[in-house]
Structures are given as structure tokens and as C-alpha cells.
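Quick note, the sequence shown lines up with residues -42 to -1, 1 to 280 if you use mature numbering (1 follows the signal peptide of the UniProt record, and there is no 0).
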Amino acid sequence: MTRDHHDHRNQPQPSRRTVLGGATVAALAVATGAGTAGAATAAQGSRWPTEFPLPDGFLPEGIAIGTKPYAYMGSRANGAIHRTDLRTGRGEVFFEGATGTVAVGLKLDDDGLLYVAGNTGVARVLDTRSGRLVATYQLTEAAGHFINDVTLLGDRAWFTDSRDGVLYGVPRGRKGTVRALPLGGDWVQTPDVINANGIVDTPDRRGLIVVSSSPGKLYRVHLKTGHASEITLAGADSVVNGDGLLRIGRTLYVVQNRLNLISVFELDAGARTATLRRTITDPRFDIPTTAARWGDRLYLVNARFTSPQEPGTTFNAVAVSL
């Protein structure tokens, strides 16, 4: 199939995102001392629970948190989405999914649209306010592909394919075509392993950072050309088993799933070098895959890949301090 294929029947509805309005709200927040309120929220959040049960057999992998204290977690079992209130730890399945579907990487936009990596060549868009599926994009054929993770940058949601050296840009809540961005430059595509996995934007928001899980390298990707430049690691030989990525300023958090570890790097201004500053681990980690932030915490789902992946297997999410 043509990688730029787009079915106009699957176009999402016009976005509720209002960029100018958001800028005005941000300006008012600064002018009225919203930083104090933020500090109060963080202090209150320190009393919130740090463990969150998920349904038995849920098979979680992705997690996303937006501007409100709710975590959305996706299921590899049937594509369901579970929503948990971070303040109480209580949650429920708000999108039921369907047999044969998968939800792995997730990102939540400011307008309430949740972008979902669907593994078998598929990307989906859910409206978290209504619980409705608003768009489905068949990015590739199902066989030989693994649409794994997603990040938001500019007017697109960018998805990785762990089995092919191509990124896919899906329009964010507006009409348009899917863009295929083949990876070149330093990129190495290794057969029969997980290659491109987690993805975030660069600190200057002009490009993308992608982790290749095997053998464990970080790349900076040019948005126009797809040229991938390997990021030099300082203080670490690799980021093997690198899964979800999270960037806060120039700090890059790399979740290394089977190592039960988060490596914390400092990026230089051009995202050409990543210097290891510290690592985070926790006895509650059981193959954490992806991370999302709320306040001064990271929230992660335990995929438990080394445990039986069965209907009766228990799963959870945990929170650790940044």
C-alpha cells in the first residue's frame, strides 16, 4: 500500500484546540501568580496514592496524563482504555475496546483527544470527554509492523513503527493526510527486534528524539528529511531496552523496561549529546514500559512481560518522585 494513504472517511472532527485562547490563559496564570497554586497542588499531591490497581488480565503498556489529574492506560489485550483518578486511585474502563485491537503508546492533547498507537498498523483517536472513537488510521498493513508509541508536535501526532524505519505523522484534530517519514542518516534498522520505540520532541521543538530499543541508541530526527543523527551518550554505554521517553526541558527520562530502571539524561542545547545524571528504580517496578508526569511525580504502568500474560494475571501502575 502507499504509505501516504489516507481514508477521508476516517477524518477526525475539527479540533476544539484554541491556541490563542490557551496563550491568553497562560498569560493570565503568570500574571495572577498561578505558580503559588501549582506549588499548593504539588504539596497536596504528595498525599495522593502511589499505586493503582488495573483489571486482571489488562496487559497495560501505555500511559498518558493531560492537564487534569487523570491517567489513561491502554490495554494490549483488547485495546481498552482505563482512566484512573490520581487523587483517589480509583478508576474504571471508560473505553471498552474490541477483540483483536491493541492500545500501546498514548498521548493526550489539550483538547481532550487521545492518540493511541494500535500495534497492527493502526492509529486511533479517542475523545476522552465523550468516550467516542473519532478516527482510525490504517498507517500500514498489519503484518510485519508494530505501531508502538506516539508524541505530539506541531500539527501532527508522530507514531513509531518498531518493525520498520518509518515514522507516521497523523493530523492533530483537523483534516489532512498522513505523512510517512522514512528514517535515514545514522538510523540502523535491525530485523526481528524492537527498533524505534519511544518518541518525544527535541527541546527546541524542531525535531524528534527516538529510542531504538535494540541495541539501545537515541536518535535526533529531522522533521523535514527524516535524517536521523545518533545522539552521543555520556556516562552510559547504551539505553538497551529503552521503551517510553519523557522530556521535561532538557531532561530526558528513558524507561528501560526489562532493567526495571529509568535513566535520567541531560540533553545539550542541540540534543546532540545526552549525559547520564542519575537513575531511578523502585522495588515495585515489574517491567515498566512508559511514563507520564503529574506534578513532581512520574507515573508508570507495569507490563509484567516476564509473568504469565493471562486473564487472571494482576496488573498495576505506580508513581515515583521525579
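Think of the CB as a built atom: it goes at the ideal place given N, C-alpha and C, for glycine as much as any other residue.
Separation of residue j from residue i, as counted between CA atoms
i: A192; j: A56; result: 44 Å
i: S4; j: V169; result: 31 Å
i: G79; j: A154; result: 14 Å
i: D119; j: L141; result: 11 Å
i: N36; j: S172; result: 27 Å
i: P241; j: L210; result: 22 Å
i: G102; j: I152; result: 12 Å
i: R34; j: T239; result: 24 Å
i: T86; j: T190; result: 38 Å
i: V124; j: I167; result: 13 Å
i: R236; j: Q214; result: 13 Å
i: W252; j: D43; result: 12 Å
i: R82; j: V74; result: 5 Å
i: D122; j: D150; result: 10 Å
i: T94; j: A229; result: 33 Å
i: T231; j: S88; result: 42 Å
i: P13; j: H185; result: 41 Å
i: V198; j: N218; result: 12 Å
i: T233; j: A194; result: 8 Å
Residue i (DSSP reduced to helix, strand or coil)
i: R34; result: coil
i: R216; result: helix
i: L44; result: coil
i: G89; result: coil
i: I238; result: strand
i: D107; result: strand
i: G20; result: strand
i: Q267; result: coil
i: F243; result: coil
i: I39; result: strand
i: G228; result: coil
i: V278; result: strand
Residues that residue i bridges to, as DSSP identifies them
i: I167; result: V158 and R178
i: K65; result: Y73
i: H185; result: G142
i: V128; result: A115
i: W252; result: R255
i: L84; result: L72 and L91
i: E9; result: V276
i: I206; result: T209
Nearest-angstrom Cβ-Cβ length linking residue i and residue j, presumed shorter than 8 Å
i: R41; j: Y30; result: 6 Å
i: L181; j: G165; result: 6 Å
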